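To start, the structure itself, in structure tokens.
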Amino acid sequence: MTDRHTAVDYAHALRDLSDIHFPGTKKIVLVQDNLNTHRPASLYEAFPAAEARRLAERFETHYTPKHGSWLDMAESELGVLSTQCLDRRIPDKQALTSEIAAWQANRNKHNAKADWQFTTEDARIKLKRLYPRFE
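In the working numbering, the protein residues as written are 14 to 148.
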């Protein structure tokens with residue numbers, strides 16, 4: 014969580030993922046949206062070239078599609094966060110960070126999962142405009 018959403022903030026978040034949260038992981042698969050700051054160039058803006066390259070090589074990046082995103086589950090989880098944790102006034106960033114960490118620890122402890130009920134048949138109907146047409 015940052016006060017701003019700059020390329021440098023993004024680069025520091027990636028370094029934290031790499032070096033603090035997953036230091037022993039050979040390759041980190043990163044699924045993200047298509048924001049202009051979500052590019053390897055952000056690493057080079059924030060760090061010397063050697064460090065930026067080291068970090069860039071640790072990540073395998075996949076961008077969400079612009080239409081028919083399968084990350085609706087992530088949006089649903091953010092909705093759960095909003096209703097279970099953020100449904101009141103939180104006085105400052107430190108309290109917000111602490112509340113979210115406690116909520117996340119509880120979700121992880123209880124192995125909370127998304128109940129995804131969108132079937133393939135439903136997808137074919139709802140998203141038919143996204144499927145290629147063969148004539």
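Glycine is no exception: its CB is placed at the ideal position from the N, C-alpha and C atoms.
None of the values given here were measured: they were computed from a predicted structure.
- For residue 130, no alpha helix (DSSP H) segment is defined, and its DSSP state is neither H nor E.
- Taking the C-beta atoms as reference points, residue 66 is found no nearer than 9 angstroms to residue 31.
- Nearest neighbour of residue 42 by Cα position, chosen from 69, 33, 62, turns out to be 69.
- For a cut-off of 8 angstroms, the C-beta gap from residue 46 to residue 77 is around 5 angstroms, short enough to register as a contact.
- No residue range can be given for residue 148, since it is assigned to no beta strand (DSSP E) and is classified by DSSP as neither H nor E.
- Under the three-state reduction of DSSP, residue 140 is assigned to coil, being neither helix nor strand.
- Look at the beta carbons and you see the segment 53-62 touching the segment 20-28: at least three pairs across the two are nearer than 8 angstroms.
- If you draw a straight line from the Cα of residue 38 to the Cα of residue 73, it comes to about 12 angstroms.
- A direct Cα-to-Cα measurement between residue 116 and residue 93 gives close to 10 angstroms.
- Of 48, 123, 86, the smallest CA-CA separation from residue 130 is found for 86.
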